[in-house]
Every structure is written in C-alpha cells, then in structure tokens.
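Numbering-wise (the working numbering), the sequence shown opens with residue 1 and increments by one.
All C-beta atoms, glycine included, are put in the ideal place defined by N, C-alpha and C.
Just so you know, these numbers come straight off a predicted model, no measurement behind them.
Before any comments, here is the structure.
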Amino acid sequence: MTKKQSCCFTGHRPQSLPFRFNENDERCIDLKRRLKDTIIEMITQNGVTHFISGMAIGVDMYAAEIVLELKETYPNISLEAAIPCENQSAKWAEQLRNRYNDILEKCDIRTVLQHSYTADCMHKRNKYMVDNSDWVIAVWNGKPSGTGKTVKYAEECRCNIIVILPYSKGA
C-alpha cells in the first residue's frame, strides 16, 4: 500500500458540534450523510483503499463506523485505528467504551502509539495519521482547535484536504 491510497480523518468531539451528543438530531444525520458521501468519493474517484481513524468520540468514531459499513460494498478498503494510548477509552462512559471496542474489533489494523496517556499523545496520534496519509477529511468549523492544528500540519505536509463543515450552510 502506498501513501497515496490512504486517507485519515480529523474532526470535532461532540462538545464542539452544534448537536452535541444527540446523534438523532437532523444536523448529525446530515453530517454523517455528507461524511459518507465524501468517503465514497475518496474510494471511487481517488482510489483510496485505506482509512485511518484516531478513534476519539465524535467525528473519528462516526467516520470509522461509516468505513466499516462501506466495507460491505467496497471489500477492498481497510480501516486502521490510530490509538494515541492504550487506555484511550478508560474514562469514557460504558456505552461509549462498548462502541469503541466494537469498532476496534472490526478494524483491520490497530496501531497503538504509546502505552499511557501524556499531554502530547493526541498530537502524536494526529501527526502519525497525517504522515501516513495523502488525503485528510476534516470536519472542522474553522476555529482554533486540535482539528485546526491537524489541518495546519496536513497543509505543511502538502496533503490533499477536504473540509466538511459540521453543519450544512443552510442550517
């Protein structure tokens, strides 16, 4: 697999999304539809076969679940979980931990970047994802954030970047 066949995701956690944790909200449903359409375009128009998710709550997990769903239609695609530290989900609510573990079990590759949490482990994870991708799909509102830093790094690395607003322009 070459770098040009890979795409990673970066995006906001639910606290920074307009619908927060409500995945039944029309805005969340719309975001997931737009994200799915973009992933399909990556596969069919750009030849992407490998996707990398940082597995954070929110956009990372939405994207991972979409890729897993699309594997039924596109069996040649793979999903890698880029895990910043072994205990990434340790402090999450049980329901979120179960969802996380379900995704991990279905991933083709699980890359753990370090044993335990440190202040910069998320940054290291984001750097790893960008360094191993030619494409970056960013669900980003344009404001300073971890997602914004990842987009900036991807620009420096000359990655192709697709920005999806967390909300439709008409919303």
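Run through DSSP, which three-state label would residue i get?
i	result
Ile147	Looking at the sequence provided, one finds Thr at residue 147 rather than Ile. Correct three-state label for Thr147: helix.
Asn160	strand
Leu113	coil
Ala63	helix
Leu165	coil
Glu105	helix
Ser53	strand
Val48	coil
Tyr153	helix
Rounded to the nearest angstrom, what separates residue i and residue j at their Cα positions?
i	j	result
Phe51	Ile161	14 Å
Glu132	Glu86	For the sequence presented, residue 132 should be read as Asn rather than Glu. Straight-line Cα distance between these residues: approximately 20 Å.
Ala171	Leu113	With a pLDDT of 49 at Ala171, under the threshold of 50, the modelled position of that residue is not reliable, and no figure is offered here.
Asp225	Leu17	Because the chain here runs from 1 to 171, residue 225 falls outside it and cannot be looked at.
For residue i, tell me which candidate among the options has the shortest Cα-Cα distance.
i	options	result
Val48	Leu79, Pro18 and Ile109	Leu79
Pro166	Cys157, Val139 and Glu156	Val139
Trp92	Ile43, Leu17, Gly58 and Phe9	Gly58
Does any residue of chain D have a CB that is nearer than 9 Å to the CB of residue i?
i	result
Lys36	No chain D is part of this structure, which consists of one protein chain only.
Counting along the chain, where does the beta strand (DSSP E) carrying residue i start and finish?
i	result
Thr10	Ser6 to Gly11
Mind reading off the beta-carbon distance from residue i to residue j? Whole number of angstroms is fine, and I expect it under 8 Å.
i	j	result
Phe21	Arg27	With a Cβ gap of about 12 Å, Phe21 and Arg27 do not count as contacting.
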